[in-house]
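**Student:** A single structure is presented below for examination.
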C-alpha cells in the first residue's frame, strides 16, 4: 500500500501518476462564484495488483445453437461461460414465448469489452438461420455506436450467406435521421454516400488493404437498385441492406438498427406495418438511455 498527498513525488506511482494527481487536486465546487474551493481529499492510498479476468473456456456441451454461435463469432478458444449461459437462457425464453404466446424479457450485464454484444446477437442470428420468428430491432443510444455495430454485423451476415452450412440470405436495415424515404434517394443522400467518390460513409468493410487499413464500401447504383461493394468484392444488394424507410415499412429486414428517437417515430402512423412484423426488441447499452 502506498500513500500520497499533494507534496508527494508522484513519479513513484509508475502506473497512474496523472490520475492520482488529478484526484488530489480535485476541488469541491458548489457555486460558480465560489473562491478558493476546498479540495475533495488531502491524501489517498493506492495499491496495484493484477486483476483476475474471465477467460474463455472450451464448450463441452452438444447444443447446436451454442456450437453455431461459437462458429459464427470465431471463438477458437471457446466462449466465455456467461455467453453460453446467455445463449441458453435466451433460447429458453424464446421457446417459452412461442409456446405460451407471452412476452419474455432478459437483462444481460457484464464488464465493458468482455462480449455482451455476442450474448444477444448469437440468438438473433440463430433465429434467422432457423427461420424462427419475425424481425428484430436493435436500439442504440448513440448513432456512432449504431454504426460501429452495423459494421460488425455485416461481417456476420456475409459469413452466413456465403456458408455452405446455411441456406439463408440475412438482411439488415437502418433507421435514423439520414435514412431517406425512397430507394431512389439513397445514392444522392450526402449523409450516407460521399458524392465525389461514392464511398459509403456509415461503415467500412472488415477486410484490409496492403497497409492494414480497412477497405471502404462503395455504393454503386442504377435504375431501381443499389449495392455496397468493397475492393475485395464483399457485396450487399439493396434487399440485404435496406437504407430507405419505404423498404423498412413494406418488407422489414431480419434486423433493423435504430436509435431511441427513431424508434419512437416508427411507432407512429404510417409505420404500423413495420412494428406489426417485429417480435424482438434489444436495447443495447440500456444504462445510457435516459428515462428508461
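Numbering (the working numbering), first residue to last: 1366 to 1657.
Think of the CB as a built atom: it goes at the ideal place given N, C-alpha and C, for glycine as much as any other residue.
Thinking C-beta only, is residue 1536 closer than 8 Å to residue 1618?
**Tutor:** As a working mapping, residue 1618 is identified with position 253 in the chain shown. As a working mapping, residue 1536 is identified with position 171 in the chain shown. Yes, the Cβ-Cβ distance between residue 1618 and residue 1536 is below 8 Å.
**Student:** Does DSSP put residue 1514 in a helix, in a strand, or in coil?
**Tutor:** Here residue 1514 refers to the residue found at position 149 of the chain shown. It is helical.
**Student:** Measuring straight from C-alpha to C-alpha, what distance separates residue 1492 and residue 1498?
**Tutor:** Locating residue 1492 in the chain shown gives position 127, counting from the first residue. Locating residue 1498 in the chain shown gives position 133, counting from the first residue. Approximately 7 Å between the Cα atoms of the pair.
**Student:** Which residues in the same chain have their Cβ closer than 8 Å to the Cβ of residue 1449, if we skip the five residues on either side of it in sequence?
**Tutor:** In the chain shown, residue 1449 corresponds to position 84, counting from 1. Contacts found: 1424, 1426 and 1431.
**Student:** Can you give the beta carbon distance from residue 1375 to residue 1392, rounded, assuming they're within the 8 Å contact cut?
**Tutor:** To locate residue 1375, count along the chain shown from 1; it is residue 10. To locate residue 1392, count along the chain shown from 1; it is residue 27. Wrong, their Cβ atoms sit about 18 Å apart, outside the cutoff.
**Student:** Please name the residue, chosen from 1596, 1635, 1529 and 1463, that lies closest to residue 1612 on a Cα-to-Cα basis.
**Tutor:** For this step, residue 1612 is matched to residue 247 along the chain shown. Looking at the Cα atoms, 1635 is the closest of the given residues.
**Student:** So the candidates are 1404, 1411 and 1395; which of them puts its Cα closest to the Cα of residue 1384?
**Tutor:** Counting from 1 along the chain shown, the entry for residue 1384 is found at position 19. Residue 1384 has its Cα closest to that of 1411, out of 1404, 1411 and 1395.
**Student:** Mind listing, in chain order, the continuous beta strand (DSSP E) runs of no fewer than 3 residues lying wholly within the segment 1492-1541?
**Tutor:** 1500-1505 and 1537-1540
**Student:** Just curious, the beta strand (DSSP E) that residue 1424 is in, first and last residue?
**Tutor:** The count along the chain shown starts at 1 and reaches residue 1424 at position 59. Run containing residue 1424: none; DSSP gives neither H nor E here.
**Student:** Please specify which runs of the alpha helix (DSSP H), each continuous and at least 4 residues long, are wholly inside the segment 1597-1627, giving them in chain order.
**Tutor:** Within the segment 1597-1627, the complete alpha helix (DSSP H) runs of at least 4 residues are 1610-1615.
**Student:** Figure out for me which residue from 1587, 1643, 1479 and 1467 has the closest Cα to the Cα of residue 1417.
**Tutor:** Position 52 of the chain shown, counted from the first residue, corresponds to residue 1417. Of the candidates 1587, 1643, 1479 and 1467, the one whose C-alpha sits nearest the C-alpha of residue 1417 is 1479.
**Student:** The ligand MN and residue 1384: does the residue's C-beta get closer than 7 Å to at least one heavy atom of that ligand?
**Tutor:** Absent from the structure shown: the ligand MN. Ligands present: none.
**Student:** Please classify residue 1431: does DSSP put it in a helix, a strand, or coil?
**Tutor:** One-based indexing of the chain shown puts residue 1431 at position 66. Helix, per DSSP.
**Student:** Label residue 1481 either buried or exposed according to how many other C-beta atoms from any shown protein chain fall within 10 Å of its C-beta, with 16 as the threshold for buried.
**Tutor:** Walking along the chain shown from the start, residue 1481 turns up at place 116. Its Cβ being crowded by 16 or more others within 10 Å, residue 1481 is buried.
**Student:** Taking buried to mean at least 16 other C-beta atoms within 10 Å of its own C-beta, is residue 1414 buried or exposed?
**Tutor:** Sequence index remark: in the chain shown, residue 1414 carries index 49 (1-based). Exposed, by the Cβ-count rule.
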